[in-house]
Amino acid sequence: MERVMMKGNEALAEGAIRAGCRFFFGYPITPQNEIPEYMARRMPEVNGVFIQAESEVSAINMVYGAGGAGGRALTSSSSPGISLKQEGISYLAGAQVPCVIVNVARGGPGLGGLTPSQSDYFQATKGGGHGDYHLIVYAPGTGQEMVDLIGLAFDKAEEYRNPVMILTDAIMGQMMEPVILPPIREVTTEKPWATTGKKGRAKPNLINSLGIIGEDLARINIELQEKYRKIETNEIRYEADGTGDADLIVVAYGTTSRVARSAINMLRAEGKKVGLLRPITLWPFPKQILADLAAQGKRFLVVEMSVGQLVEDVILAVNDRAKVDFFGKLNGTVPTVREVYNTINALLQKGGA
Amino acid sequence: MQKVFGYPRSLTPKRTHYCPGCTHGIIHRLIAEAIDDLGIQEQTVGIAPVGCAVLAYEYFDVDFQEAAHGRAPAVATGIKRVHPEAIVFSYQGDGDLASIGTAEIIHAAARGENITVIFINNTVYGMTGGQMAPTTLPGQKTTTSPYGRDITKVGYPIRVCEMLATLDGPAYIERVSVHDPKHIIKAGRAIRKAFEMQIAGKGFSLVEVLSTCPTNWGLTPVKALERLKEEMIPYYPLGVFRSTEEVAKE
Ligand SMILES: Cc1ncc(C[n+]2csc(CCOP(=O)(O)OP(=O)(O)O)c2C)c(N)n1
Ligand code: SF4
Ligand SMILES: [Mg+2]
């Protein structure tokens, strides 16, 4: 274990290397350039492969080839580039190819701006590309989680044969924090399905999402849905901080969870009963804990750097059992601790559910 | 007694879905024969395109990945970088490679990616019902050029071999035809040579095969072969456009 100061983007990159990722395919876009730049330097040191692809479209299809061939493959980008990758992500999901995709999100729509944003939540959690599919989506809240969750992401991608996304943003990617790096791991996952060349196997392996013959497509979709139910049962992660005695619970992930935590700490110091529920997996979404808290009579405030995306999942989970308020910021602005503090205070004074 | 002719080991016994007289099937066989001859069946990985050959993985007895439309060279790159010892080939139509997939093919060629591309030029989008392709000849009628391809409005066909031969990356580029037995034998040699280049680690190789689509050309299989010879070859001349060195002379 070593403790070092690192930018979030670099922590993701080194975390991937430590987790045994040896294939990186990317394309430059701010605010994630530190990732490909780090990989260009680092991959040759560990006998890995770095390719600057001709586009995000090509990068994600290189990931499809490499992941399908059994490699631990990673691509990273930011919002406009992630939009371009959606076709490939749909194919990865359909063909059940494990891989990790990082989105260091920036404001949109369109070319948008370089400011941090959480407005790619729908795209990340509700499909994004065509068809009924899901990615596992992790939202790190600290530099340390950048390292830990990207390692977990590779393991889960292979365990479920499913693409995994790390959804973070410009602030998290650029901020420097101390992180503890685990030693480099040897990956020993068996991948009997990978396209390695037949090598004596009786039957060839096939990486494919085409279901045009007979009942193939129905079979593929049944299999995918069964897998997603298993992921929902086993893989939900969240942090509940002071939710037990809280009257009001703030729901936020990534950057806004940090802002919210500072506001909550100030309020708690004043004796106010406020807690934080931070989803770590955005999909599968921690529905049950929210439903349980709602049943206990809590009320909720969702804080987002968007005009309201996560809030829809919270409302669905709470299902009319509790009041859900929303504080969002338009792309191009970041919520301040004071703003969140004032918003919570105003809600507490209004009282009632 | 010595066996001189047989069913290629690298083909499955399945019946193909190709139309009667379509030359996709002949080209599959040539690829399988090359794989057999070179003894690389156990280490070969193919990439199927989106196009009439989308089910190619049903017909080759080798590992396969099915790619999104036009992306096969990027997929091939990913596979080859994970398994440099594998022999990786993509099989792509002219809509797939010369239209939607132009970025992928140009950059795989420019990188000198050590893969083999078999490029099937039949001057139409076969699978979707015979629309105009980037390779459709001037004046040729298709469902989306019903008055004949008007070069003043939609421009000229793309000659892929000539274009890629301007790059320094490719090791081997040849255009061949399958309109008669003599040319089929030559096409087989070109495909074999392209694989040999990859085995020798020379880098990117591509064989463009002029192919027929009797169904969408509205011609009988025999007339389609005649059209290939008389109309396509003058526009798409056969020959080697780039070869960094001679390998394994027969
Ligand atoms: C992104 C995308 N766009 C369009 C299609 C529809 N499509 C399927 S096959 C094809 C054309 C294939 O033509 P070509 O590559 O020339 O192959 P051929 O069928 O002639 O062998 C198209 C446009 C698709 N599957 N995916
Ligand atoms: S549509 Fe054309 S290219 Fe496709 S199988 Fe039929 S003849 Fe061949
Ligand atoms: Mg075609």
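Chains as they are written, first to last, in my numbering: chain P, 1 to 353; chain B, 1001 to 1250.
The C-beta atom is built at its ideal place from N, Cα and C for all residues, glycine as well.
Here the structure is a predicted model, which is why all the values come from computation and not from measurement.
Hey, would you say the C-beta of residue i is under 7 angstroms away from at least one heavy atom of ligand 1?
i, result
"residue 162 of chain P", "no"
So that I know if they touch, is there some Cβ in chain B lying closer than 8 angstroms to that of residue i?
i, result
"residue 47 of chain P", "no"
"residue 23 of chain P", "yes"
"residue 91 of chain P", "yes"
"residue 54 of chain P", "yes"
"residue 57 of chain P", "yes"
"residue 20 of chain P", "no"
"residue 87 of chain P", "yes"
"residue 344 of chain P", "no"
"residue 198 of chain P", "yes"
Figure out for me which residue from the options has the closest Cα to the Cα of residue i.
i, options, result
"residue 1027 of chain B", "B:1041, B:1105, B:1011, B:1129", "B:1011"
"residue 1110 of chain B", "P:275, P:238, P:52", "P:52"
"residue 335 of chain P", "P:314, P:84, P:259, P:202", "P:259"
"residue 231 of chain P", "P:30, P:42, P:281", "P:281"
"residue 2 of chain P", "P:137, P:147, P:90", "P:147"
"residue 1242 of chain B", "B:1166, B:1201, B:1229, B:1224", "B:1166"
"residue 1160 of chain B", "B:1180, B:1016, B:1133", "B:1133"
"residue 1179 of chain B", "B:1015, B:1003, B:1023, B:1081", "B:1023"
"residue 1209 of chain B", "B:1143, B:1173, B:1222, B:1003", "B:1173"
"residue 1320 of chain B", "P:347, P:289, P:200, P:228", "For residue 1320 of chain B there is no data in the structure shown, the boundaries of chain B being 1001 and 1250."
"residue 1136 of chain B", "B:1013, B:1112, B:1149", "B:1149"
For chain P, check one thing: does any of its Cβ atoms lie closer than 8 angstroms to the Cβ of residue i?
i, result
"residue 1064 of chain B", "yes"
"residue 1057 of chain B", "yes"
"residue 1191 of chain B", "no"
"residue 1068 of chain B", "yes"
"residue 1092 of chain B", "no"
"residue 1117 of chain B", "no"
"residue 1074 of chain B", "yes"
"residue 1024 of chain B", "no"
"residue 1083 of chain B", "yes"
Mind pulling the chain C residues with CB within less than 7 angstroms of residue i?
i, result
"residue 205 of chain P", "The chain labelled as chain C is not found among the protein chains of the depicted structure, namely P and B."
When you compare only the Cα positions, how much space is there between residue i and residue j?
i, j, result
"residue 189 of chain P", "residue 158 of chain P", "8 angstroms"
"residue 1139 of chain B", "residue 330 of chain P", "53 angstroms"
"residue 1238 of chain B", "residue 1207 of chain B", "11 angstroms"
"residue 211 of chain P", "residue 325 of chain P", "44 angstroms"
"residue 1091 of chain B", "residue 1158 of chain B", "18 angstroms"
"residue 1101 of chain B", "residue 1123 of chain B", "16 angstroms"
"residue 1033 of chain B", "residue 1008 of chain B", "6 angstroms"
"residue 1005 of chain B", "residue 1185 of chain B", "14 angstroms"
"residue 1146 of chain B", "residue 1105 of chain B", "29 angstroms"
"residue 45 of chain P", "residue 17 of chain P", "10 angstroms"
"residue 353 of chain P", "residue 34 of chain P", "Residue confidence for residue 353 of chain P is low, a pLDDT of 45 falling below 50, so the modelled location carries little weight and cannot support an answer."
"residue 1199 of chain B", "residue 1044 of chain B", "11 angstroms"
"residue 133 of chain P", "residue 1183 of chain B", "47 angstroms"
"residue 1196 of chain B", "residue 1170 of chain B", "14 angstroms"
"residue 94 of chain P", "residue 1227 of chain B", "40 angstroms"
"residue 1248 of chain B", "residue 1118 of chain B", "For residue 1248 of chain B, the predicted model reports a pLDDT of 43, less than 50, meaning its position is unreliable; a value from the coordinates is still stated below. Going by the C-alpha atoms only, they are around 20 angstroms apart."
"residue 30 of chain P", "residue 63 of chain P", "21 angstroms"
"residue 1272 of chain B", "residue 234 of chain P", "No statement about residue 1272 of chain B is possible, as the shown extent of chain B runs from 1001 to 1250 and does not include it."
"residue 1192 of chain B", "residue 1203 of chain B", "15 angstroms"
"residue 1220 of chain B", "residue 1214 of chain B", "6 angstroms"
"residue 278 of chain P", "residue 220 of chain P", "33 angstroms"
"residue 202 of chain P", "residue 1061 of chain B", "10 angstroms"
Just verifying my parser: in three-state terms, what is the DSSP assignment at residue i?
i, result
"residue 49 of chain P", "strand"
"residue 1064 of chain B", "strand"
"residue 1131 of chain B", "strand"
"residue 276 of chain P", "strand"
"residue 288 of chain P", "helix"
"residue 332 of chain P", "coil"
"residue 7 of chain P", "strand"
"residue 40 of chain P", "helix"
"residue 21 of chain P", "coil"
"residue 344 of chain P", "helix"
Any heavy atom of ligand 3 within a distance shorter than 7 angstroms of the CB on residue i?
i, result
"residue 1093 of chain B", "yes"
"residue 16 of chain P", "no"
"residue 1133 of chain B", "yes"
"residue 1122 of chain B", "yes"
"residue 1148 of chain B", "no"
Can we count residue i as close to ligand 2, meaning its CB is less than 7 angstroms from some heavy atom?
i, result
"residue 1018 of chain B", "yes"
"residue 205 of chain P", "no"
"residue 1126 of chain B", "yes"
"residue 1024 of chain B", "yes"
"residue 1052 of chain B", "yes"
"residue 1215 of chain B", "yes"
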